[in-house]
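Participant: I am attaching a structure below and will ask some questions about it afterwards.
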Amino acid sequence: MKAIRIDVHSCLMKISAVCMAVFLQPRYSMGQGIFSSISSEPLPPSGWFWQNPLPQGNDLYGVFTVDRRRAVAVGAAGTILLTTNGGRNWSMQSGIKDVRIHLRSIFFTDTLAGFAVGDNGKILRTENGGNSWTERPFGNSSEALYGVHFVNRNVGWIVGQNGLILRTSNGGNLWQRQSSDFSANLFRVEAVTGQFCLSSGADHTILRTSTGGSSWELIDLPVPGDLVGLHLTSELIGWTASRFGFVFRTIGRIDTGKTWESSLIFPKTAVSDLDFFDSFTGIVIGNEGAVARTTNSGTRWSTTTLDSSTDLQGISLKADPVGWIVGTNGRMWKTTNQGITWDSYASGPTPNLRGLSTLDTSTSWAVGESGIILASSNGGESWILQRSNTTVRLHAVEFLDADSGFAVGDSGTVLFTVDGGTTWMPSRLPTSSALFDIKFFTPLNGIIMGEKGTIFRTTNGGGTWEIVPHDSSITFTSLQFIDADTLWAAGDSAGFGRIFKSTDGGSVWISSYSQPALRLNSIRFISSTTGFAAGRAGSFLKTTNGGITWLQQGTPFRFDYHAIYFANDSVGWAVGNNGAIIRSVDGGQRWSALWSGTNRNLYAVRFVDASIGWVVGSNGAILKTVDGGGETIEVNPPRPTIPIVTRLLTNFPNPFNPSTYLPFQLANPTNVVIIIYDILGRKVREMDLGYLSAGTYDNQPGNAQAFIWDGEDNLGRRLPSGIYFSQLITSDGISTKKMILVR
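In my numbering, each residue carries its 1-based index in the sequence shown increased by 231.
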């Protein structure tokens, strides 16, 4: 493709009919700043598809350069990307036959036959150049597979977790385990014949066989760190790299791989992989876009940076002079001159997106980290960066019409626009607290809520905001108008999930619900009586009597939920961590899982009807659906393990400031009290958590939320630095742990 000079801040290039106009990424070479565009194949309308980044935003871990025009990349959430025209267009396959795990490595034996391997022992094979894939199980193993390499179409090796070694001699139809004395992880494998093979792994170890794997010799390199890169240019020459930036070369005849000599020390860089075009020209890649290149077999190396915000994960230099590099956030680079210059083939901003406002099928805004504001006026086909004039994190955005809108964020930030976001201006509010939500019932009446009990109310469209006094221990995370007078809000207070109701337009708020170890992130009502609240560790509450009682609902996931949205009184969605999306079509009586195609944390969801909607999340993720999110999937949520003993666990962080989590486990249902003592044995805080179910309260997936102590006493006064003791009191006994508060 032809590279063109362009101002990245002032110009966007349109890419495909269903994908966004992308923010161009630089092509890097010494002393140059040249930019180029990419395009993506039209994506099917089923399920969720990417609008930012493009062609997709999952992390990529491996890539294989099949020839000068064809390349295949693999990554998180079962992602497989294929180009057949040198990167101008990409087709994406995700969730192949329920393969939703991370794919770690890929290898092609020729232009048609290839293998991809990943977590949970997954082996995928293609016989048509990557257009379709089938799973090739090798047993009941769930060990992660990290590396795959073939000598020819028949003979190949796979290596992975816990020293796993697999070998095939019939093109992958049957895989046989091979044994060695190594039980740590193996990351790479390289072979040049059916007999000679090397594998690199944890604890600076190389495994070597010259007998086809019937026996393996362990070679210990005198360097720190895991050996994450490995390449054999022939039976005589090989290379390996440690995660801590050491590159070694082996040269021999009958003893290749037994002795190694230092070639490069890549200081302050976490290395991830390496590859060579030939015996002379090779490239090492690492975190923060680091690239080192040699053209004289490692005698000298030159270094450059592709993109400091991207950790480079995989490299393939199999079609001289063409090679590919892939990394986090779906970033991809291609060279056509043996690595002298690199063109970017992925694009789009990647700050976390936390808030979303959608007016209709065409018009939307998204906000997030570093003050980013993105706007679309064509259904997400293009997203344009708007200047916010702030770098603080923005948590929520609310538009009243195509012109008037507000955004709120950290440090008391409130922005408003009257021209659709062409210009954003600050509103000066007397607070420095983080503001998490803003809602309007009419163009005049609105509410802002945030941490430390912060509530602001306007009755003149944001012209002025009045403070509504409230308990400063409350952090409000979400709110909703039911009518002009009735509002609901959710949040937490020192580890207690809290729900509040107002019946006078937001002037007075009454507590409706309080539950320990349960932070709530979102609240949504579909009528005056039926509502939902969701939060930490899969917590999902429902009321059918206007908030008098709230009952826990079962949902497919135990990840944190961040947002709930209903398109009508029947169809609704909730989104959360690890790409979790659930949908109800019966007014929230039952919830089913949807396949999002990503493992990004999803923070906001909006629909304009029962079919068309968007989600936004971490690393700039914007996904759209035009069929309500696609078909449901089956998931098996982890079941909480009931502990054998009741005890207080070690707090985290420790030392801490200003707050710390106090995890604990309960062998039986019991009343729970936590008491904090100072170094002199004086009781400074007592917290009655009420009657809790048996289980582990430690924030881990599948478990409940740990209790939070804010470093204050019973009167709300900040306690000084020092040693404190937390004590768990239950019907099973007393358990105590030491903590250190550092102001």
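Backbone N, C-alpha and C define an ideal beta-carbon position, used for all residues, glycine too.
I need the straight-line Cα distance from T572 to T648, nearest angstrom please.
Facilitator: Cα to Cα, the separation comes out at about 42 Å.
Participant: Do you know offhand how far I678's Cα is from T662's?
Facilitator: So the alpha carbons of these two residues sit roughly 15 Å apart.
Participant: Throw me the rounded Cβ distance for the H701 and G722 pair, which I believe falls under 8 Å.
Facilitator: Contact doesn't hold; Cβ gap of about 11 Å is too wide.
Participant: Rounded to whole angstroms, what's the CA-CA distance from Q426 to S446? Just pull it up for me.
Facilitator: Taking the straight line joining both Cα atoms gives about 11 Å.
Participant: Please classify A768: does DSSP put it in a helix, a strand, or coil?
Facilitator: Helix, per DSSP.
Participant: So, are the CB atoms of I754 and A720 less than 8 Å apart?
Facilitator: Yes, the pair counts as a contact, with Cβ atoms nearer than the cut-off.
Participant: Using three-state DSSP, classify Q392 as helix, strand or coil.
Facilitator: The answer is helix: DSSP assigns Q392 an H, G or I state.
Participant: What ranges does the beta strand (DSSP E) occupy inside the segment 283-343, keeping only unbroken runs of at least 3 residues that lie completely in it?
Facilitator: Listed in chain order, the complete beta strand (DSSP E) runs (minimum 3 residues) inside the segment 283-343 are 291-296, 302-306, 311-314, 322-324 and 334-339.
Participant: For N888, does the three-state DSSP call read helix, strand or coil?
Facilitator: Here N888 sits in coil by DSSP.
Participant: What's the call for T967, buried or exposed, on a 16-neighbour Cβ count within 10 Å?
Facilitator: Exposed: under 16 other Cβ atoms inside 10 Å.
Participant: Closest by CA to I705, which one among W696, L718 and I730?
Facilitator: Answer by Cα proximity: I730.
Participant: Helix, strand or coil, according to DSSP, for S957 in the structure here?
Facilitator: Three-state result, S957: strand.
Participant: In its own chain, which residues sit with a C-beta less than 6 Å from the C-beta of T774, not counting the 5 before and 5 after it?
Facilitator: These residues qualify, in order along the chain: G762 and W781.
Participant: In whole angstroms, what is the alpha-carbon distance linking I965 and A415?
Facilitator: Those two C-alpha atoms are separated by around 40 Å.
Participant: State buried or exposed for N620, treating a residue as buried only when at least 16 other CB atoms are found within 10 Å of its CB.
Facilitator: The residue is exposed, with fewer than 16 neighbouring Cβ atoms inside 10 Å.
Participant: Compute the distance between the beta-carbons of L751 and G737, then report whether it is under 8 Å.
Facilitator: Against a cut-off of 8 Å, the Cβ pair of G737 and L751 comes out as no contact.
Participant: What span of residues does the beta strand (DSSP E) with D668 cover, start to end?
Facilitator: L666 to F671 is the span of the beta strand (DSSP E), which, as asked, contains D668.
Participant: I190 to A550, Cα distance in whole Å?
Facilitator: Since the first residue shown for the chain is 232 and the last is 974, residue 190 is missing from the structure and cannot be characterised.
Participant: For S588, I'd like the list of residues in its chain whose CB is within less than 6 Å of its CB, leaving aside the five on either flank, ordered along the chain.
Facilitator: Hits under 6 Å: W596, V628, E629 and F630.
Participant: Quick one: complete beta strand (DSSP E) runs, 3+ long, within the segment 804-864?
Facilitator: Taking only runs of at least 3 residues, the beta strand (DSSP E) segments lying wholly in the segment 804-864 are 812-815, 823-825, 833-838, 844-848 and 853-856.
Participant: Which term fits E600, buried or exposed, when burial requires 16 or more other beta carbons within 10 angstroms of its beta carbon?
Facilitator: By the neighbour-count rule (16 or more Cβ atoms within 10 Å), E600 is buried.
Participant: Whose C-alpha, out of R319, S642, F479 and G777, is nearest the C-alpha of E682?
Facilitator: With distances taken between Cα atoms, E682 lies closest to S642.
Participant: Identify whether N902 lies in helix, strand or coil by the three-state DSSP scheme.
Facilitator: The answer is strand: DSSP assigns N902 an E or B state.
Participant: Which whole runs of the beta strand (DSSP E) in the segment 382-427 are 3 residues long or more, in chain order?
Facilitator: Here the runs fully enclosed are 387-391, 396-399, 407-409 and 417-422.
Participant: Look up E917 in the DSSP assignment and say whether it is helix, strand or coil.
Facilitator: The answer is strand: DSSP assigns E917 an E or B state.
Participant: Can you tell me whether K565 is buried or exposed, with buried defined as 16 or more other CB within 10 angstroms of its CB?
Facilitator: Classification of K565: buried, given that the 10 Å Cβ count is 16 or more.
Participant: Which of the three DSSP states, helix, strand or coil, is assigned to G964?
Facilitator: DSSP places G964 in strand when its eight states are reduced to three.
Participant: Count the other CB atoms, across all protein chains shown, that sit within 10 Å of the CB of E366; report buried if there are 16 or more and exposed otherwise.
Facilitator: Burial call: exposed.
Participant: Is the segment 291-311 close to the segment 332-340, with three or more CB pairs under 8 Å?
Facilitator: Yes: the two stretches touch, three or more of their Cβ pairs being nearer than 8 Å.
Participant: Taking just the CA atoms, how far does R562 sit from Q256?
Facilitator: Residue placement at Q256 is poorly supported in this model, since its pLDDT is 33, which falls under 50; the coordinates still yield a value, given next. Using only the alpha carbons, I get a separation of about 9 Å.
Participant: Would you check if the segment 603-616 and the segment 310-323 touch, i.e. whether three or more CB-CB distances between them fall below 8 Å?
Facilitator: As far as the Cβ criterion goes, the segment 310-323 does not touch the segment 603-616, which means the pair count is below three.
Participant: Please tell me whether F672 and F712 are closer than 8 Å, where the distance is taken between their beta carbons.
Facilitator: Cβ atoms of F672 and F712: closer than 8 Å.
Participant: Taking the CB atoms as reference points, tell me whether I907 and Y834 lie closer together than 8 Å.
Facilitator: No, these two residues do not count as a Cβ contact at 8 Å.
Participant: Tell me which residues share the same chain as E519 and place their Cβ nearer than 6 Å to its Cβ, disregarding the 5 neighbours each side in the sequence.
Facilitator: Contacts found: S539.
Participant: Just verifying my parser: in three-state terms, what is the DSSP assignment at P275?
Facilitator: Note on P275: pLDDT 47, under 50, position unreliable in the model; the coordinate value appears next. Of the three classes helix, strand and coil, the one that applies to P275 here is coil, per DSSP.
Participant: Are the Cβ atoms of A422 and V382 separated by less than 8 Å?
Facilitator: The answer is yes: Cβ separation under 8 Å.
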